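Participant: Below: one structure in structure tokens.
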Amino acid sequence: MGECKSFCSLILVFLLVACASGEDPYRFFNWNVTYGDIYPLGVKQQGILINGQFPGPQIDSVTNDNLIISVFNSLDEPFLLSWNGIQQRRNSWQDGVYGTNCPIPPGKNFTYVLQVKDQIGSYFYFPSLGLHKAAGGYGGFQIASRSVIPVPFPPPAGDYTILAGDWYKQNHTDLKAILDGGSDLPFPDGLLINGRGSNGYTFNVDQGKTYRFRISNVGLTTSINFRIQGHKMLLVEVEGTHSLQNTYDSLDIHLGQSYSVLVTADQPAQEYYIVVSTRFTSQVLTTTSILHYSNSAGSVSGPPPGGPTTQIDWSLEQARSVRRNLTASGPRPNPQGSYHYGMINTTRTIRLANSAPIINGKQRYAVNGVSFIPADTPLKLADYFKISGIFSLGSVSDGPTGGGGYLQTSVMAADFRGYVEIVFENAEDTVQSWHIDGHSFFVVGMDGGQWSAANRLSYNLRDTISRSTVQVYPNSWTAIYMPLDNVGMWNVRSENWARQYLGQQFYLRVYSPANSWRDEYPIPTNALLCGRALGHSTRPQ
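Read in order, the letters of the sequence shown are residues -22 to -1, 1 to 519 in mature numbering (1 follows the signal peptide of the UniProt record, and there is no 0).
As structure tokens, then:
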């Protein structure tokens, strides 16, 4: 009863404020998270379902909408949802990773309160604890432009979400046990498209019409290539940024990344393969769906079209071709090119090097020599309640140390309204994929070899893409510029979930001394408390 009163009071406050101020619309979602039998690769597995669905329900919203997402955890273990690419301005309290939020206990409810402030585009949500992502629990998340903001392409005849990625037949608890035991994950068993194996999903189109496909790589360990037999793809949006409208035969999509393409059904009426295959793997996995013309005269024929045969150079050149549409409006009416990111002086350079050390006889992964271990209390709560002994600022350095790896709850201090250059350095033979919660950044450069200051001469300081997830090729570097415009405790992580779980992550504490609601919202009154935060009050200080 107490939980119900608290939740109802919370909703009443939202509605009263909305009515009084005429603010942006509210959308309400009620989700029940359960286990259920799924057969994505033809083998019975215990999946994580949301309202009985795998993948979970899609969130359709409009710029500035307020989203009230009530999540009831019917699992027998704690659960959290996170929002890949949703910036949550001034509101890291809703980020849904263990460094900021206590998990939802079994049999309990938590209500996320998000505003998709000044955002558009294609994203996804996913379960962030342990290896839950390997059991499902993910879904699409799209933010449409407000009607008063022009979109740089005609309205498509249809809008499809594609959630693709690698999959294991083993239960998520078994995969977690492999990692806990000091080993890395085996090679995946297959690939899925929207929760199904080959030819398990059909997308219907009318001949002559154009459709939008929003494609996200929701896998655990591998990059993918996406293509549609006999059809070109016009790239129009990348993680919230309208892109130059280049045409591609296929797209490399790395872990955690999202792209929007327009596809015109301009071929003879029949069925065509939609193909996803792994990239940069010695063994190539492939799965397919069907593009079905409504007036089809035949079914798919022949083998699915092959993907690119060249490796790094081809993919690197494609990545460099993905650039911003400077004249298109973003979530606001001003053109995307009105923010001259390349003319702002950086206040700090941070170099982040990934590594794969063996620590205490077990496989771990690290950033600048530090392999992250979770604390007994979410770092955001420890910071807010000033609980000592949980983390220390500066526990991960601004550059590679060159030493062996060690375990630490690593947090990096950063100043609100700083403007940083971050260089991801990858001396390993595998592709890396990095994500930064709460922020969007400009990918100014990427190339092979060791980064040096001289590489700044080759940076794209005019029209590079802005996004929240970026790849780093083997024995290569990627550089970004990022405005520190969002106060909070934000996760910086590998999107390879085994590497993330085994320590390739840390938290960036973006701090404002003003302690003002203009910079960051107060702690939610419904915030869950755990660890050493138990017994504290969630009333605003």
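Even glycine gets a Cβ: it sits at the ideal position worked out from N, Cα and C. Please read all numbers here as calculations on a predicted model, not as lab measurements.
Within 8 Å, do at least three Cβ pairs link the region 322 to 341 to the region 51 to 60?
Facilitator: Segments in contact, no.
Participant: Starting from Trp292, trace the alpha helix (DSSP H) both ways and give me its first and last residue.
Facilitator: Unbroken alpha helix (DSSP H) run through Trp292: 290 to 299.
Participant: Quick check: Leu371 and Val398, are their CB atoms within less than 8 Å of each other?
Facilitator: Contact: no.
Participant: Leaving out the 5 sequence neighbours to the left and right, which residues in its chain are closer than 7 Å to Lys86 when beta-carbon positions are compared?
Facilitator: The answer, listed in chain order, is Asn51.
Participant: If distances are taken between C-alpha atoms only, which option among Ala122, Pro128, Ala135, Tyr103 comes closest to Pro311?
Facilitator: Of Ala122, Pro128, Ala135, Tyr103, the residue nearest in Cα terms is Pro128.
Participant: Nearest-angstrom Cα distance between residue 520 and Tyr138?
Facilitator: Since the first and last residues shown for the chain are -22 and 519, residue 520 lies out of range.
Participant: What is the C-beta distance between Ser176 and Thr266, in whole angstroms, given that I count them as a contact (C-beta under 8 Å)?
Facilitator: 5 Å between Cβ atoms; contact.
Participant: Where in the region 161 to 211 do unbroken runs of the beta strand (DSSP E), each at least 3 residues long, occur, reported from the N-terminal end onward?
Facilitator: Complete beta strand (DSSP E) runs here, min 3: 168 to 171, 180 to 183, 188 to 195, 201 to 206.
Participant: Return the chain-ordered list of same chain residues with a C-beta closer than 8 Å to the C-beta of Leu229, the five sequence neighbours on each side being excluded.
Facilitator: For Leu229, where only same-chain residues beyond five positions count, the Cβ hits under 8 Å are Ile193, Asn203, Phe204, Arg205, Met211, Leu213, Tyr237, Val239, Gln296.
Participant: Just tell me which of Thr408, Ile414, Val448 has its CA closest to the CA of residue 571.
Facilitator: Residue 571 lies beyond the range of the chain shown here (-22 to 519); nothing can be said about it.
Participant: Where does Arg477 sit, in a helix, a strand or coil, going by DSSP?
Facilitator: The answer is helix: DSSP assigns Arg477 an H, G or I state.
Participant: Looking only at its own chain, which residues have a Cβ that is under 8 Å from the Cβ of Leu439, when we skip the five neighbours before and after it?
Facilitator: Counting only Cβ-Cβ distances below 8 Å, and skipping sequence neighbours, we find Tyr319, Gly320, Met321, Val422.
Participant: Can you give the Cα-Cα distance for Pro83 and Tyr499, rounded to whole angstroms?
Facilitator: One C-alpha to the other measures close to 24 Å.
Participant: Threshold first: 4 residues or longer. Then list the alpha helix (DSSP H) segments lying entirely within the region 428 to 513, N to C.
Facilitator: Segments of the alpha helix (DSSP H) lying fully in the region 428 to 513: 475 to 479.
Participant: Candidates Ser430, Ala405, Phe420: which alpha carbon is nearest Tyr451's?
Facilitator: Closest by alpha carbon: Ala405.
Participant: Can you grab the Cα-Cα spacing for the pair Pro309 / Val374, in whole Å?
Facilitator: Each residue's Cα considered, the two are about 35 Å apart.
Participant: So what does Gly114 bridge to, in DSSP terms?
Facilitator: Note: Gly114 sits in a beta bridge opposite Ile26.
Participant: Once the 5 residues before and after Ile231 are set aside, which same chain residues still bring their CB inside 8 Å of it?
Facilitator: These residues qualify, in order along the chain: Ala142, Ile193, Ser194, Asn195, Ser201, Ile202, Asn203, Phe204, Tyr237.
Participant: Residues bridged to Thr12 by DSSP?
Facilitator: Per DSSP, Leu27.
Participant: If contacts are defined as beta-carbon pairs under 8 Å, then Ser113 and Gln185 qualify, I think. What distance do you get, rounded to the angstrom?
Facilitator: In the sequence under discussion, the amino acid at residue 113 is Ala, which differs from the Ser named in the question. With a Cβ gap of about 39 Å, Ala113 and Gln185 do not count as contacting.
Participant: Cutting at 8 Å between CB atoms, please list the residues of its own chain near Ile268, excluding the five before and the five after it.
Facilitator: For Ile268, where only same-chain residues beyond five positions count, the Cβ hits under 8 Å are Asn177, Tyr179, Thr180, Phe181, Glu249, Tyr250, Tyr251, Ile252, Val278.
Participant: For Ser307, is the classification buried or exposed, using 16 other Cβ atoms within 10 angstroms of its Cβ as the cut-off for buried?
Facilitator: Buried, by the Cβ-count rule.
Participant: Do you know whose CA, among Ser515, Gly99, Tyr101, Tyr362, lies nearest Thr503's CA?
Facilitator: Of the listed residues, the one whose Cα sits closest to Thr503 is Ser515.
Participant: What's the gap between the Cα of Tyr437 and the Cα of Asn224?
Facilitator: Distance between the alpha carbons of Tyr437 and Asn224: 21 Å.
Participant: Roughly how many whole angstroms lie between the Cα atoms of Leu462 and Lys22?
Facilitator: Computed Cα separation, rounded: 45 Å.
Participant: If you run the structure through DSSP and keep just helix, strand and coil, what is Gly136?
Facilitator: In the structure shown, Gly136 sits in a strand (DSSP, three-state: E or B).
Participant: Return the first residue and the last residue of the beta strand (DSSP E) that His413 is part of.
Facilitator: 410 to 414 is the extent of the beta strand (DSSP E) around His413.
Participant: In the DSSP output, what is Asp39 paired with across the bridge?
Facilitator: Note that residue 39 is Ser in the sequence shown, not Asp. Answer by DSSP bridge pairing, in chain order: Ile121.
Participant: With burial defined as no fewer than 16 other Cβ atoms inside 10 Å of the residue's Cβ, what is the status of Phe6: buried or exposed?
Facilitator: Exposed: under 16 other Cβ atoms inside 10 Å.
Participant: Determine the burial state of Arg496: buried for a count of at least 16 other Cβ atoms within 10 Å of its Cβ, exposed for fewer.
Facilitator: Label assigned to Arg496: exposed.
Participant: If you compare alpha carbons, which of Arg342, Ala457, Gly285 is closest to Ser161?
Facilitator: Taking only the C-alpha atoms, the option nearest Ser161 is Arg342.
Participant: Grab me the residues of residue 534's own chain with a C-beta within less than 6 Å of its C-beta, minus the 5 sequence neighbours each way, in chain order.
Facilitator: Because the chain in this structure spans residues -22 to 519, residue 534 falls outside the shown range and cannot be described.
Participant: Could you spell out the range, first to last residue, of the alpha helix (DSSP H) harbouring Leu59?
Facilitator: Leu59 -> not in any alpha helix (DSSP H); beta strand (DSSP E) instead, spanning 59 to 62.
Participant: Among all the DSSP beta bridges, which residues are the ones paired with Asp425?
Facilitator: According to DSSP, which records beta bridges pairwise, Asp425 is partnered with Trp455.
Participant: To the nearest angstrom, how far is it from the Cα of Gly173 to the Cα of Val262?
Facilitator: About 19 Å.
Participant: Suppose the cutoff is 6 Å on Cβ atoms and the five residues either side in sequence are ignored; what does the same chain contact list for Cys(-19) look like?
Facilitator: Model confidence at Cys(-19) stands at a pLDDT of 44, short of 50, so the residue's coordinates are unreliable and nothing is read from them.
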